[in-house]
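Beneath this line is the structure, given in C-alpha cells, with notes to follow.
Residue numbers (the working numbering), protein chains in the order written: chain A, 1 to 356; chain B, 357 to 659.
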C-alpha cells in the first residue's frame with residue numbers, strides 16, 4: 001500500500017475531533033482480536049471493559065473517583081508536552097506527593113485539627129514539585145535528558161515507598177502488611193457525592209483543568225511555552241528562555257501529580273499503600289495525548305480512561321480477564337491515536353510515482 | 357568465593373540483558389530514531405521466551421520466539437513513526453505500555469514457574485587464574501553478546517552498511533538525495549533493535565534468573581536506553597557502561613551476603629541513582645555531547 005502525506009494548508013478541526021474516535025474504534029477491533037486469540041468470550045469482555053462502567057450509578061461514581069487523579073496528572077503533563085518537555089515520571093511525583101501527605105497522619109495520628117487534610121494537600125503538592133524539580137535542575141544545569149531522569153526518579157520513588165512501608169512507617173498493628181496506619185477522620189478528604197466514595201479531589205481536578213485552560217489558551221506565559229515547543233528558534237530570538245520553560249512545566253506537572261497522590265491517600269485509600277498509583281503516571285500520558293494536549297479535550301479523555309480502569313476491574317471479576325488487559329487497551333489507544341492524529345495536519349493521497 | 361570474585365564472575369552475565377538491549381537501541385538511534393519502548397519489548401520477549409522454554413525445553417527456540425515477539429512490537433512502533441511521522445517519544449511509550457501489558461496477559465499462567473538455565477562452560481587455563489578466573493566461565497549467550505559488540509563497533513567504523521546507517525541518522529535529506537532509502541533503512545534498524553531487545557529479555561527470563569514474573573525486567577530496558585547516552589553513541593563505551601551496570605546490580609546481592617546493614621531498597625535503587633548521576637556528568641559537557649550525538653535523532657523524515 002503506497003501513499004503520500006500531503007500537508008494541509010490548515011489543520012483540520014473535523015479530524016481533530018474525529019481522531020480520538022477513530023482510535024477508540026480501532027482499539028476495540030484489535031482488543032477484540034487479542035481477547036479472542038486468548039480464548040476469551042471477546043465480545044462480552046469488550047462490553048464489560050467499555051460499557052459496564054456506565055451501567056450503574058455505583059460503577060459510574062467509581063469512574064468519577066478515578067477520573068480525579070488521571071485528570072490532575074494529565075493536565076500537568078500536557079503543559080510540558082506542548083512545550084516539548086517530556087515528563088514521563090509523573091508516577092514517581094505522585095508517589096512522593098502521597099508520601100509527603102502521609103507524613104502528617106503518620107507522625108500526628110491523634111491530631112484532630114480541621115486543617116489536617118488541607119495541610120496534607122499542600123505537602124503533597126510540595127513533594128511532587130520537589131521530585132520534579134530534581135529533574136528540572138538536572139536538565140537545566142547539567143543538560144541531562146528529562147525523559148530518562150524523570151523515569152529513573154520514578155523507579156527510585158518506588159523503592160523509597162517500599163522502604164518506608166516495610167520499615168519506619170509500617171503499621172505495627174497491621175499484621176506485617178506493607179502499609180501505614182489507617183488515617184484519622186480529620187486526615188480524610190470530605191465526600192462530594194453522598195453515598196459514594198467520590199470526594200472533593202474531583203473539584204481540585206476541575207479547578208486545575210480550568211487553571212490549565214487559562215494558562216495555556218489565554219495567557220502570555222502559556223503562549224511562550226507553546227511557541228518554545230513548536231518553534232524553539234523563534235522563541236529564542238524573542239528572548240524566551242528555554243530553561244524557564246523546563247522549570248515551569250516540570251514543577252507545575254510535578255505539583256499536580258503530587259496533589260493527585262495526596263488525594264489518593266487522603267481519599268479512597270485512607271492510608272499509604274504500595275499500590276498508591278495504579279499506573280496513573282503512565283495512563284495520564286495517554287490521557288494527555290488522547291485529549292489533543294488541550295485542557296478541555298483532556299477532561300473528556302480522562303473520563304474515558306477512568307472508565308477503562310473500572311471496566312478492567314469488572315472484567316477481572318466477570319470475564320476472567322487479567323488487569324493487564326487495561327494496559328494493552330491503553331497502549332493500543334495511544335498507538336492508534338498517534339496514527340489518526342496525523343490526519344489533522346496531513347491529507348492521505350494515493351501514491352503516484354514521481355521520478356526525481 | 358570472596359565478594360570481589362563473585363562480582364567479577366557474575367558481572368558479564370548480569371550485563372548481558374543490558375548489553376543486548378543497549379546495542380539494539382544504539383543501532384536504532386544511530387539511524388535517527390528514538391525508541392522508548394525497550395522496557396516493554398524486553399518484558400514481552402521475557403514472557404514469550406519463558407513460555408517456549410518451559411514448554412519445549414529448547415533455549416534456541418525460546419530466544420527466537422522472544423526475539424520475534426519483540427521485533428513485532430518494534431514494527432508496531434515503526435508504523436506510526438515512519439509512515440505517519442508520529443511523535444517518537446509518545447509512540448515509544450505507547451508500544452512500551454502495550455508490550456508490557458501483553459507480557460502480563462500471555463505470561464499470567466506461567467507466573468513463578470522455573471526452567472533450567474543454559475550450561476556454563478570454561479575456557480581452559482584462563483579459568484584457573486586466581487580471582488578473575490570466574491570471568492571465563494560463562495554461557496554461550498554471554499560470549500556471543502561480547503562478540504556482537506565487537507562486530508558492531510567494526511561495522512560502524514569500517515563498513516559501508518555502518519556508514520550508511522550513520523549518514524541516515526546524521527543527515528537523512530542528504531542520504532535520500534544520494535539514493536539511500538531512509539525509511540527502509542530506519543525500518544530495518546528498528547526491527548534489528550527490537551530483535552536484540554528481545555534477546556535481552558529472553559536472556560533475563562530463561563538464563564539469568566530462569567523464571568518469569570510480571571515486572572521482572574525491573575527498569576533494565578530504561579537503563580539500556582540511558583546506556584546509549586552514557587556511551588555517547590559509541591559502541592565500545594556503551595558496552596563498557598553495560599558491564600559497569602552489570603557489576604552495580606550485583607552489589608545488592610553482595611552486600612546482603614556480607615551482612616552489612618543497609619536497607620535492601622537503597623541497594624535496589626542504586627542502579628537508578630547511578631544512572632541519574634552519570635547522566636548528569638556525561639551530559640554536562642554539552643560540546644562533547646553535541647559532537648557525538650546523532651543530529652536527526654527524534655526528527656521525523658519528510659521526503
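For glycine and all other residues, C-beta sits at the position ideal for the given N, C-alpha and C.
Not a single CB atom of chain B sits nearer than 8 angstroms to the CB of residue 292 of chain A. Residue 510 of chain B counts as exposed, since fewer than 16 other C-beta atoms from the protein chains shown sit within 10 angstroms of its C-beta.
By the neighbour-count criterion, in which a residue is buried when 16 or more other Cβ atoms sit within 10 angstroms of its Cβ, residue 233 of chain A is exposed.
Going by beta carbons, residue 579 of chain B and residue 374 of chain B fall inside the 8 angstroms limit.
575, 578, 581, 582, 585: these are the residues of the stretch 559-592 of chain B whose beta carbon lies less than 7 angstroms from some beta carbon of chain A, given in chain order.
Within the model, the alpha-carbon separation for residue 359 of chain B versus residue 76 of chain A is close to 46 angstroms. Taking CB atoms only, residue 520 of chain B has no neighbour in chain A less than 8 angstroms away. Ranked by Cα distance from residue 552 of chain B, the first of B:380, B:368, B:418 is B:380.
Of B:406, B:476, B:583, the smallest CA-CA separation from residue 462 of chain B is found for B:406. For residue 20 of chain A, the closest alpha carbon among the candidates A:332, A:290, A:306, A:41 is that of A:290. Residue range 57-82 is occupied by the alpha helix (DSSP H) that includes residue 59 of chain A.
Closest in alpha carbon position to residue 609 of chain B, among B:626, B:497, B:644, B:570, is B:626. When beta bridges are read from the DSSP output, residue 567 of chain B appears opposite B:470. At a C-beta separation below 9 angstroms, residue 38 of chain A has these neighbours in chain B: 461, 462. Put simply, the backbone Cα of residue 393 of chain B is about 19 angstroms away from that of residue 419 of chain B.
Selection A:287, A:338, A:308 evaluated against residue 51 of chain A yields A:308 as nearest (Cα-Cα). Per DSSP, residue 542 of chain B is one residue of the alpha helix (DSSP H) stretching across 538-559. Between residue 87 of chain A and residue 253 of chain A, the C-beta gap is smaller than 8 angstroms, which places the two residues in contact. Straight-line measurement puts the Cα of residue 47 of chain A at about 14 angstroms from the Cα of residue 59 of chain A. The beta-carbon separation of residue 157 of chain A and residue 92 of chain A, rounded to 4 angstroms, stays under the 8 angstroms limit for a contact. Of the other Cβ atoms in all chains shown, fewer than 16 fall within 10 Å of the Cβ of residue 110 of chain A; this residue is therefore exposed. Within the same chain, Cβ atoms closer than 6 angstroms to the Cβ of residue 136 of chain A are found at 246, 247, 250, the five residues on either side in sequence being excluded. Taking C-beta atoms as the reference points, residue 648 of chain B and residue 612 of chain B fail to come closer than 8 angstroms.
Contact of residue 457 of chain B with chain A is assigned, a C-beta pair being separated by under 8 angstroms.
Scanning the stretch 188-256 of chain A for uninterrupted alpha helix (DSSP H) segments of 4 residues or longer gives 201-213, 220-230, 232-237, listed from N- to C-terminal end.
For residue 151 of chain A, at least one C-beta of chain B is nearer than 8 angstroms to its own C-beta.
For residue 76 of chain A, not one C-beta of chain B is nearer than 8 angstroms to its own C-beta. Listed in chain order, the non-local C-beta contacts of residue 323 of chain A below 8 angstroms within the same chain comprise 312, 313, 316, local neighbours out to five positions each way being set aside. Spanning the alpha carbons of residue 398 of chain B and residue 576 of chain B requires a straight line of approximately 8 angstroms. By the CB criterion at 8 angstroms, residue 262 of chain A and residue 123 of chain A fall inside the cutoff. Here the alpha carbon of residue 464 of chain B sits roughly 18 angstroms from the alpha carbon of residue 452 of chain B. Residue 3 of chain A sits in a strand when the DSSP states are folded into three classes.
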